[in-house]
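*Asks:* Structure in C-alpha cells, see below.
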Amino acid sequence: MTSWTIAKQEFKLALRSRWLILMAVLFTLLSVILLFFGGQPVVDGFDGFTRQTASLLNLSLFLMPLLTLLVGGMLIAGEKEDGQLVLYMTYPITERAIIFGKYIGIGLSLLTVLFIGYGTSTIILLFFGTVQWSITILFFLISALLILLFLSIALSIGFFVSGRLQALGMGLLFWAFFVLLYEFIVMALSMVISAKSVLLLLTISVFLNPVELIRVFTILFLGSGTVFGPSIYDFTIWASSWVGATMFGVTALVWILCPLGIAHWILRGGRRI
C-alpha cells in the first residue's frame, strides 16, 4: 500500500462526509458573495479600493481556516473513533506514507469542493453579467492556499486528540488564536517594547501566523502596500522584492511541512488510537 492508495481512499471517504457537504454549501455561499461584490464597479481611488478588497479578503481569511480546521481535524479524529486508523497501521506502510496520503486525499476533496463552489457561483453570476475574472481567480487561489496551510494543522490536531468532540474544540481554539486573538497579542506587545523594535516585531509576526502571511502578501501582490502606512515603509519595500517573495514561499512551505512533521511524531510516538 502506498500514499496514493490511501489518498484515493481518503478522497472517497471525505466526499461522503456530512461535514464536507456542509462545507460545500458554505463555500458556495461565500463564493457567491465574494464574486458578486467583487464584480461591482470599484470606486476610483484609495478609499474605494480598501472598502471593497479588504472586506473580501477578510471574509476569506475568516472562514477558510475555520472550515478547514474543523473538517480536516474531525475527519481524522472520526477515523480514530471508528477504528479505521488502527486498520491502516496493520498494513505494511510507514507512518509518513499514511500522513501524506491523508493530506493529499483530504486536500483534494477540499479543493474539489472549493472548485465546485466557485464554479457554481460563477455560472450563476454570469447570468447577471457581474463576474470579474481577476477577482474570481485571485480569491480562489487565496482560498486554496489557506486550505493547504491549515489542513496540515488540522491533521496534527486530528492525530493528537482522541475523538471528534476534542477535534472540534481544539480546532476552534486554534482558529480563535490565529484569526481573532493574534493581532491583539501583537498590538499589546508593540505597546510595551521600544519604538525601534516595533518594526522588527511586526515583521516577525507576519511569518508566525499563516493568516497574516496571506493577508500581507495578498495586499502587496495587489500593489497596495501603502495601506500599511509610512511607518513600515521599509518592510513594504523589502516584502515586495524577490527576497520577500522568496521568504513568503519558504514560510508557506514551512507552515505546511512542520505540522505534518508534528503529526508524524505523534503517530510514531504511539498516539495512534
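So the sequence shown is numbered by my numbering: it starts at 0 and just counts up by one.
Think of the CB as a built atom: it goes at the ideal place given N, C-alpha and C, for glycine as much as any other residue.
Fair warning: this is a prediction, and the values are worked out from it, not measured in the lab.
What residues in its chain sit with their C-beta under 6 Å from that of V215, if we drop five residues either side in the sequence?
*Replies:* Here the question's residue 215 lines up with position 216 in the sequence shown. Taken in chain order, the residues that qualify are V205.
*Asks:* Our contact map puts L154 next to I213 with C-beta atoms below 8 Å; I'd like the distance itself, whole angstroms only.
*Replies:* Mapped onto the sequence shown, residue 154 falls at position 155. Mapped onto the sequence shown, residue 213 falls at position 214. Actually they are not in contact, since the Cβ atoms of L154 and I213 sit about 19 Å apart, beyond 8 Å.
*Asks:* Sort A175, G222 and Q8 by Cα distance to V210 and report the nearest one.
*Replies:* Stepping through the sequence shown from its first residue, residue 210 is reached at position 211. Of the candidates A175, G222 and Q8, the one whose C-alpha sits nearest the C-alpha of V210 is A175.
*Asks:* Hey, L69 and G170: beta-carbon distance below 8 Å or not?
*Replies:* In the sequence shown, counting from the first residue as 1, residue 69 sits at position 70. In the sequence shown, counting from the first residue as 1, residue 170 sits at position 171. In this structure, the beta-carbon distance from L69 to G170 falls below 8 Å.
*Asks:* When the Cα atoms are used, what is the spatial distance from L140 to I265?
*Replies:* Here residue 140 refers to the residue found at position 141 of the sequence shown. Here residue 265 refers to the residue found at position 266 of the sequence shown. L140 and I265: Cα-Cα distance of roughly 31 Å.
*Asks:* Using CA coordinates, which residue listed in A13, L125, S189 and P258 is at the minimum distance from E78?
*Replies:* Translated into positions along the sequence shown, residue 78 becomes position 79. That would be A13, whose Cα lies nearest to the Cα of E78.
*Asks:* Could you tell me which of L180, L150, L167 and M22 sits nearest to I103, measuring between CA atoms?
*Replies:* Here residue 103 refers to the residue found at position 104 when the sequence shown is read from its first residue. Of L180, L150, L167 and M22, the residue nearest in Cα terms is L150.
*Asks:* At what residues does the alpha helix (DSSP H) containing A262 begin and finish?
*Replies:* The sequence position of residue 262 within the sequence shown is 263, counting from 1. Per DSSP, A262 belongs to the alpha helix (DSSP H) from W241 to R267.
*Asks:* Hey, F138 and I152: beta-carbon distance below 8 Å or not?
*Replies:* For this step, residue 138 is matched to residue 139 along the sequence shown. For this step, residue 152 is matched to residue 153 along the sequence shown. Cβ atoms of F138 and I152: not closer than 8 Å.
*Asks:* Assuming F26 and L107 make a contact with CB atoms under 8 Å, what is their CB distance in whole Å?
*Replies:* What you label residue 26 is simply residue 27 of the sequence shown in a count that begins at 1. What you label residue 107 is simply residue 108 of the sequence shown in a count that begins at 1. Actually they are not in contact, since the Cβ atoms of F26 and L107 sit about 15 Å apart, beyond 8 Å.
*Asks:* Beta carbon of L19, beta carbon of V160: below 8 Å?
*Replies:* For the purposes of this step, residue 19 is taken as residue 20 along the sequence shown, with counting starting at 1. For the purposes of this step, residue 160 is taken as residue 161 along the sequence shown, with counting starting at 1. Not a contact, by the Cβ cut-off of 8 Å.
*Asks:* By DSSP, does I92 sit in helix, in strand, or in coil?
*Replies:* For the purposes of this step, residue 92 is identified with residue 93 of the sequence shown, where counting begins at 1. Coil, per DSSP.
*Asks:* Rounded to whole angstroms, what's the CA-CA distance from F127 to S193? Just pull it up for me.
*Replies:* Taking the sequence shown and counting its residues from 1, one reaches residue 127 at position 128. Taking the sequence shown and counting its residues from 1, one reaches residue 193 at position 194. Roughly 53 Å between the two C-alpha positions.
*Asks:* Using only CA atoms, which one of T1, S120 and Q8 lies nearest to V31?
*Replies:* Here residue 31 refers to the residue found at position 32 of the sequence shown. Looking at the Cα atoms, S120 is the closest of the given residues.
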